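Trainee: Sequential numbering of the sequence shown, starting at 1186, is according to this note's numbering.
Glycine is no exception: its CB is placed at the ideal position from the N, C-alpha and C atoms.
Keep in mind the model is a prediction, meaning the values are calculated, not measured.
The following block contains the structure, expressed as structure tokens.
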Amino acid sequence: MTLDDPLIEEAYRVLAERPGFLIRRLHQIHVAMFMEECAEFNITPVQYSVLTALMDRPDLDQVTLGAQIGIDRTTTAGVLARLAERGLIQRRASPVDKRMKLAAITAEGRKLLRRMDKKAQRAHDRTIAPLLKEDRAVFLRYLLHLVDASNGYGRAPLHLP
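Right, here's the structure in full:
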């Protein structure tokens, strides 16, 4: 399908020229591919991101963790609760500030990530597979540039360590 295709309705042609529409649509497609590849694990892409972030940075508080993957506090709290229920993370009060809860990945969580690794990567690869091999790195570089340049506009800006 191309924008020159006479079968494309004018309304779609207008939407197909809007980057926000296309980015949202590509995100929907990627989530579907991720869920298909990783169905046996019953983990969402956001849960996978949280576990991945905790892999090398144990004992992160909810606010810092959310900022490192660009999700808001409420979403972070819900994701952490679901992961804790499954024994994939553990939460404990901060020794410095008892109001703050710290999260750490458990051995079970690490094991799950290792088991998911190839299938999650396959979902990422499938998302960009229609691009020529030499264009994939360029596409990712452009995405990173767009995210970095406009990060402050996000509801939950990304703050990498």
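1. Round the Cβ separation of T1261 and Q1247 to the nearest angstrom and send it over; I've been treating them as touching at under 8 Å.
2. Counting only the same chain and skipping the five closest in sequence on each side, list residues whose C-beta sits under 7 Å from that of I1256.
3. What residues in its chain sit with their C-beta under 6 Å from that of R1277, if we drop five residues either side in the sequence?
4. Could you check which residue in H1212, R1321, V1281 and L1236 has the C-alpha nearest to that of Q1275?
5. Just grab the DSSP bridge partners of R1276 for me.
6. May I have the straight-line CA-CA distance separating V1323 from L1245, to the nearest angstrom?
7. What do you reckon, are the CB atoms on S1279 and I1254 nearer than 7 Å?
8. Are M1285 and C1223 touching if we call contact CB-CB under 7 Å?
9. Between the Cα of A1305 and the Cα atoms of F1226, V1281 and Y1197, which residue gives the shortest distance?
10. Could you name the residues of the same chain whose beta carbon sits closer than 8 Å to that of L1239, not counting the 5 residues immediately before and after it, in chain order?
11. Report yes if the CB atom of H1309 is closer than 7 Å to the CB atom of A1252, and no otherwise.
12. Grouping DSSP H, G and I as helix and E and B as strand, with all else coil, what is D1333?
13. Give me the Cα-Cα distance between V1216 and K1303, rounded to the nearest whole angstrom.
14. Pull up the distance between the alpha-carbon of G1263 and that of G1272, whole angstroms please.
15. Let me know if L1211 comes out buried or exposed under the rule of 16 or more other beta-carbons within 10 Å of its beta-carbon.
16. When you compare each of N1336, L1325 and A1292 to D1241 by their alpha carbons, which one comes out closest?
Mentor: In brief:
1. As a working note, residue 1261 is residue 76 in the sequence shown. As a working note, residue 1247 is residue 62 in the sequence shown. That belief holds up - the Cβ atoms of T1261 and Q1247 are roughly 5 Å apart, short of 8 Å.
2. The count along the sequence shown starts at 1 and reaches residue 1256 at position 71. Same-chain partners within the cutoff: V1231 and A1341.
3. In the sequence shown, the residue the question calls residue 1277 occupies position 92. These residues qualify, in order along the chain: L1287.
4. Counting from one through the sequence shown, the residue named residue 1275 turns up at place 90. Q1275 has its Cα closest to that of L1236, out of H1212, R1321, V1281 and L1236.
5. Position 91 of the sequence shown holds residue 1276. Note: R1276 sits in a beta bridge opposite A1288.
6. Numbered from its first residue, the sequence shown carries residue 1323 at position 138. Numbered from its first residue, the sequence shown carries residue 1245 at position 60. V1323 and L1245: Cα-Cα distance of roughly 32 Å.
7. Stepping through the sequence shown from its first residue, residue 1279 is reached at position 94. Stepping through the sequence shown from its first residue, residue 1254 is reached at position 69. Not a contact, by the Cβ cut-off of 7 Å.
8. Mapped onto the sequence shown, residue 1285 falls at position 100. Mapped onto the sequence shown, residue 1223 falls at position 38. In this structure, C1223 does not lie closer than 7 Å to M1285 by Cβ.
9. By 1-based counting over the sequence shown, the position of residue 1305 is 120. Minimum Cα distance to A1305 is reached at F1226.
10. On the sequence shown, residue 1239 is found 54 positions in, with the first residue counted as 1. Around L1239: L1245, L1250, I1274, A1288, A1289, I1290 and G1294.
11. For the purposes of this step, residue 1309 is taken as residue 124 along the sequence shown, with counting starting at 1. For the purposes of this step, residue 1252 is taken as residue 67 along the sequence shown, with counting starting at 1. No, the Cβ-Cβ distance between H1309 and A1252 is not below 7 Å.
12. Indexing the sequence shown from 1 puts residue 1333 at position 148. In the structure shown, D1333 sits in a helix (DSSP, three-state: H, G or I).
13. Numbered from its first residue, the sequence shown carries residue 1216 at position 31. Numbered from its first residue, the sequence shown carries residue 1303 at position 118. Using only the alpha carbons, I get a separation of about 16 Å.
14. Walking along the sequence shown from the start, residue 1263 turns up at place 78. Walking along the sequence shown from the start, residue 1272 turns up at place 87. Near 14 Å, if we compare the C-alpha coordinates of G1272 and G1263.
15. The residue labelled residue 1211 in the question sits at position 26 within the sequence shown. Result: exposed.
16. By 1-based counting over the sequence shown, the position of residue 1241 is 56. The shortest Cα separation from D1241 among N1336, L1325 and A1292 belongs to A1292.
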